[in-house]
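The block underneath contains the structure these notes are about, expressed in structure tokens.
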Amino acid sequence: MTFEARPVAGAAELAEAAGIAGEALTCDPGEGAALVRRLAAPPPGRTWTALAVDGGVVMASLSERDPEAGHLDLLAVHPSARGEGRGRALVRAAEEWLRERGAREARWAGNPPCYAWPGVDVRYTAAACLAESLGYERYHVAWNMTADLGAGDLSVEDDLVRLEKAGVAVRAAGGDERERVAAFVGRHWNERWAWEAANATGLHFAERDGEVLAFAAWGARPSWFGPMGTAEAARGLGLGRVLLRRCLAEQRAAGQAEAQIGWVGPLRFYSRAVGARAERVFWLYRRALA
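Below, the structure is given as structure tokens:
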């Protein structure tokens, strides 16, 4: 059977693609449609597309900072339409779209700061098998940690009293404060994290004498926690644990039973701070397009 991918045009077709993702992405229950909407509203400097066949959709992107590396951001085939070659046709169509725009490599990997996953979740075994059958090589591994929002201790009251005595205030960023915190993130880390902070559902920060010291965000990637960071001069005050717990408490209040801590580096910190466990593993794939 042959499938001809077509560009997704207009709000109605994008909503249809979101519905397919919602049904297909069983390891991300309730998130598929939100992921499509997030990828369709990327940061400046990114070119993206959504291509569809009946029952399937692929999303791909290119960023100005690395125009030769294209990304396969999302592939979803409805459970009732699998096994007939739709996924393969969609990947090939996305590769051709990337090639036409100058990409020399396709990466089946997250394109931060606006991404669905770091790579292919190993539980989506069919996607990993498809990648390898198409000649993609596995070049990196990333992982998430999961925080149980019902079982963990997220209290911060004693810490807030201690920090107040040290002249440190902790609060959610609202209004113009969000822009100020995002600027702090951009200065101390990078513009990708700054975009995530500016576009997060929840953003919390610590400051002293009007100077931002640390931040933590959630929901830039729908329902996930991160990024977070503390300025080097403020480390050792325990700000990370406080900000992490405030964000997770907010996610719990929003109805989440657990939170994914995305693209984790410091395993021990999250394990000790909230009892998070390493769980989701992602394989990052790439293939030359030349």
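For what it's worth, the UniProt record's numbering labels the leading residue of the sequence shown as 1, then goes sequentially. The beta carbon of each residue, even a glycine, is placed where N, CA and C say it ideally should be.
Quick one: what does DSSP say residue i is sitting in, helix, strand or coil?
| i | result |
| --- | --- |
| E31 | coil |
| W193 | helix |
| W224 | strand |
| F215 | strand |
| D176 | helix |
| A116 | coil |
| E23 | helix |
| G70 | strand |
| R280 | strand |
| G186 | helix |
For residue i, report the span of its alpha helix (DSSP H) as first-last.
| i | result |
| --- | --- |
| R241 | L239 to A253 |
| T125 | T125 to S133 |
| D159 | E157 to K165 |
| W97 | R86 to E100 |
| V274 | L267 to V274 |
Give a yes or no on whether the C-beta atoms belonging to residue i and residue j are separated by under 8 angstroms.
| i | j | result |
| --- | --- | --- |
| G119 | A109 | yes |
| M228 | L213 | no |
| G56 | V77 | yes |
| R252 | L149 | yes |
| L35 | V58 | no |
| A194 | A182 | yes |
| W263 | A128 | no |
Look up residue i in the DSSP assignment and give the residues it is bridged to.
| i | result |
| --- | --- |
| W48 | S61 |
| V77 | G56 |
| W108 | Y285 |
| E258 | D148 |
| V170 | A206 |
| P7 | L51 |
| D153 | In the DSSP output, where bridge partners are listed per residue, D153 has none listed. |
| residue 307 | Residue 307 is absent from the model: the chain starts at 1 and stops at 290. |
Just curious, the beta strand (DSSP E) that residue i is in, first and last residue?
| i | result |
| --- | --- |
| N144 | E137 to D148 |
| G202 | G202 to R208 |
To the nearest angstrom, how far is it from the Cα of residue i to the Cα of residue j?
| i | j | result |
| --- | --- | --- |
| D158 | K165 | 11 angstroms |
| P42 | L14 | 15 angstroms |
| G152 | G238 | 18 angstroms |
| E16 | G30 | 15 angstroms |
| D209 | Y115 | 35 angstroms |
| A254 | R246 | 12 angstroms |
| D28 | A5 | 25 angstroms |
| R86 | L130 | 11 angstroms |
| T201 | H140 | 29 angstroms |
| A9 | T26 | 25 angstroms |
Is the Cβ of residue i closer than 8 angstroms to any Cβ of chain D?
| i | result |
| --- | --- |
| T230 | Going by chain labels, chain D is absent from the structure shown, which holds only one protein chain. |
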